[in-house]
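The opening residue of the sequence shown carries number 276 in our numbering; numbering runs sequentially from there.
Working notes for the structure below.
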Amino acid sequence: MSATTTPRGVRTAAGARTGGPTFGRVVASEWTKLTSLRSPWWTGLVTVVAAGALAFMFATASSVDPGFEPTRDLATGLMLAQVGPLVLGVLLGAGEFRTGAARTTFTLVPRRWPVLAAQTVVVAGFALGLAVLTVAATVVGVLPSAVSRDLPLRLTVGDTPGILAGMVLLVVGVTLVGYALGTLLRRTVPALVTALGVVLVLPIVLAMAGDPGGGTMGAAPPHSVTALGAIGAFTPGTAGQLLTTPASYGPMPGMPDVGPVGGGLVLGAWIVLLLTVAAVRLRTRDVR
276 MSATTTPRGV RTAAGARTGG PTFGRVVASE WTKLTSLRSP WWTGLVTVVA
326 AGALAFMFAT ASSVDPGFEP TRDLATGLML AQVGPLVLGV LLGAGEFRTG
376 AARTTFTLVP RRWPVLAAQT VVVAGFALGL AVLTVAATVV GVLPSAVSRD
426 LPLRLTVGDT PGILAGMVLL VVGVTLVGYA LGTLLRRTVP ALVTALGVVL
476 VLPIVLAMAG DPGGGTMGAA PPHSVTALGA IGAFTPGTAG QLLTTPASYG
526 PMPGMPDVGP VGGGLVLGAW IVLLLTVAAV RLRTRDVR
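Pasting the structure below:
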């Protein structure tokens, strides 16, 4: 009698395939998917142009000040231009669920957490490249004002290196916040509204509520301002702003002295929290 046998190497290879693709292949696949889309490139282009244009406008407006220092306006425009990375993250996070591509992705990779981890790595990598270009655009934006005043643009001395590094971390962090919210909520509009509200609107509301007198001394009880300021310091938007605020500037009005390092830790904690909740939902809920 004869029997059909399967070589051990073939059995091993087949067994390896049953566990799904390796993490490296998942990362490569996610990178290919991201770079093949048009929206990330267009959103990135708008972000870079907007950051440079805003930096130019703010620097031009403040150049009439006798104490004008070009590097102080590097991060000013980024507070508005961060909308681009935030939108980018939401689109990347919610996009697969909106189009239904997530069903195919999670069929090929049944263990869902590698997909989330791979997408996080890919989004962070793309955001890092965008951040470098955005920072370069802001430097170019303030350059004309510096030249017109015959002022050197000192990028390697004082607080400037920390500001530039904080700007890069801000763009990457905000993109990941948007991605985490998009993955968690799985719908573009609710995720976008939530992201804009938490990152941009909430810090302003807390600042205004904490200073109802409009800056007038004694208009509000000190403990009221301190309480709201403490809450505001731990929001993602304020934490990102602290990343680009040198420690030598001191704490923001009514807020604890968290500093740029503390702001980075707060923003990182928000990213980890949102990604963890998104991972739990991926594991416990069906993908439709």
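Backbone N, C-alpha and C fix where the C-beta goes; we use that ideal spot for every residue, glycine too.
(1) Within the continuous alpha helix (DSSP H) that includes proline 526, where are the two ends?
(2) Glycine 364: which of Leu355, Thr395, Thr379 sits nearest, CA to CA?
(3) Given that a residue counts as buried once 16 or more other Cβ atoms are within 10 Å of its Cβ, and exposed if not, what is aspartate 348?
(4) What number of angstroms, rounded off, separates the C-alpha of threonine 413 from the C-alpha of glycine 457?
(5) So which of Gly441, Pro535, Val339 has the shortest CA-CA distance to valine 410?
(6) Tell me which same chain residues have a C-beta within less than 7 Å of the C-beta of methionine 492, skipping the five on either side of it?
(7) What first and last residue would you give for the alpha helix (DSSP H) that runs through phenylalanine 333?
(8) Please identify the residue among Trp316, Glu344, Leu361 whose C-alpha is closest to the C-alpha of leucine 430.
(9) Please state the DSSP three-state secondary structure of valine 410.
(10) Mind reading off the beta-carbon distance from methionine 530 to alanine 508? Whole number of angstroms is fine, and I expect it under 8 Å.
(11) Grouping DSSP H, G and I as helix and E and B as strand, with all else coil, what is glycine 437?
(12) May I ask which residues mark the beginning and end of the alpha helix (DSSP H) holding proline 341?
(13) Within 7 Å: the Cβ of valine 365 and any heavy atom of the ligand GTP?
(14) DSSP on valine 349, reduced to helix/strand/coil?
(15) May I ask you to report which of helix, strand or coil DSSP gives leucine 452?
(16) Measure from the alpha carbon of valine 474 to the alpha carbon of each residue in Trp545, Arg386, Phe381, then state which is nearest.
(17) Which residues bound the alpha helix (DSSP H) around phenylalanine 298?
(18) So what's glycine 375 in DSSP terms, helix, strand or just coil?
(19) Skipping 5 residues on each side, what residues in its chain have a beta carbon closer than 6 Å to that of leucine 550?
(20) Could you compute how far the alpha carbon of glutamate 371 sits from the alpha carbon of glycine 327?
(21) Since arginine 387 and arginine 560 should fall inside the 8 Å C-beta cutoff, what is the C-beta to C-beta distance between them, to a whole number of angstroms?
(22) Would you give the residue range spanned by the alpha helix (DSSP H) that arginine 558 belongs to?
(23) Am I right that leucine 353 and threonine 519 are in contact with their C-beta atoms under 8 Å? What's the rounded C-beta distance?
(24) Answer with buried or exposed for isoleucine 438, where buried requires no fewer than 16 other C-beta atoms within 10 angstroms of its C-beta.
This is what the structure holds:
(1) Counting from 1 along the sequence shown, the entry for residue 526 is found at position 251. No alpha helix (DSSP H) holds proline 526; DSSP gives it neither H nor E.
(2) Here residue 364 refers to the residue found at position 89 when the sequence shown is read from its first residue. Selected option, being the one with the closest Cα: Thr395.
(3) The residue you call residue 348 lines up with position 73 of the sequence shown. When all chains shown are included, aspartate 348 counts as buried.
(4) Within the sequence shown, the letter at position 138 stands for residue 413. Within the sequence shown, the letter at position 182 stands for residue 457. Taken atom to atom, the span from the alpha-carbon of threonine 413 to that of glycine 457 is near 28 Å.
(5) Start at 1 with the first residue of the sequence shown, and residue 410 comes out as number 135. For the options Gly441, Pro535, Val339, the alpha carbon positioned closest to that of valine 410 is the one of Gly441.
(6) On the sequence shown, residue 492 is found 217 positions in, with the first residue counted as 1. Only weak support exists for where methionine 492 lies, its pLDDT of 41 falling under 50; the value from the coordinates is given anyway. Hits under 7 Å: none found.
(7) Sequence index remark: in the sequence shown, residue 333 carries index 58 (1-based). Per DSSP, phenylalanine 333 belongs to the alpha helix (DSSP H) from 314 to 337.
(8) Residue numbering aside, residue 430 sits at position 155 when the sequence shown is read from its first letter. Distance from the Cα of leucine 430 is smallest, within the candidate group Trp316, Glu344, Leu361, for Glu344.
(9) The residue labelled residue 410 in the question sits at position 135 within the sequence shown. It is helical.
(10) Position 255 of the sequence shown, counted from the start, is the residue given in the question as residue 530. Position 233 of the sequence shown, counted from the start, is the residue given in the question as residue 508. So it is a contact: roughly 4 Å between Cβ atoms.
(11) Position 162 of the sequence shown, counting from 1, holds the residue named residue 437. It is helical.
(12) The residue you call residue 341 lines up with position 66 of the sequence shown. First-last for proline 341: undefined, no H or E at that position.
(13) Of ligands this structure carries none, so the ligand GTP is not represented either.
(14) In the sequence shown, counting from the first residue as 1, residue 349 sits at position 74. Checking the sequence, you will find leucine at residue 349 rather than valine. It is coil, neither helix nor strand.
(15) Residue 452 sits at position 177 when you count from the first residue of the sequence shown. A quick correction: the sequence has valine, not leucine, at residue 452. In the structure shown, valine 452 falls within a helical segment according to DSSP collapsed to helix, strand and coil.
(16) Stepping through the sequence shown from its first residue, residue 474 is reached at position 199. Closest option to valine 474, Cα to Cα, is Trp545.
(17) Your numbering for residue 298 matches position 23 in the sequence shown. Counting along the chain, the alpha helix (DSSP H) containing phenylalanine 298 begins and ends at 298 to 311.
(18) Taking the first residue of the sequence shown as 1, we reach residue 375 at position 100. When secondary structure is reduced to three states using DSSP, glycine 375 falls in the coil class, being assigned neither helix nor strand.
(19) Counting from one through the sequence shown, the residue named residue 550 turns up at place 275. Taken in chain order, the residues that qualify are Ala455.
(20) As a working note, residue 371 is residue 96 in the sequence shown. As a working note, residue 327 is residue 52 in the sequence shown. Cα-Cα distance, rounded: 31 Å.
(21) In the sequence shown, counting from the first residue as 1, residue 387 sits at position 112. In the sequence shown, counting from the first residue as 1, residue 560 sits at position 285. Between arginine 560 and arginine 387 the Cβ distance is about 10 Å, and since that is not below 8 Å, they are no contact.
(22) Position 283 of the sequence shown, counted from the start, is the residue given in the question as residue 558. Counted as a single uninterrupted DSSP element, the alpha helix (DSSP H) harbouring arginine 558 occupies residues 534 to 559.
(23) Counted from its first residue, the sequence shown places residue 353 at position 78. Counted from its first residue, the sequence shown places residue 519 at position 244. At roughly 7 Å, the Cβ-Cβ gap stays under 8 Å, so leucine 353 and threonine 519 are in contact.
(24) Within the sequence shown, the letter at position 163 stands for residue 438. Buried, by the Cβ-count rule.
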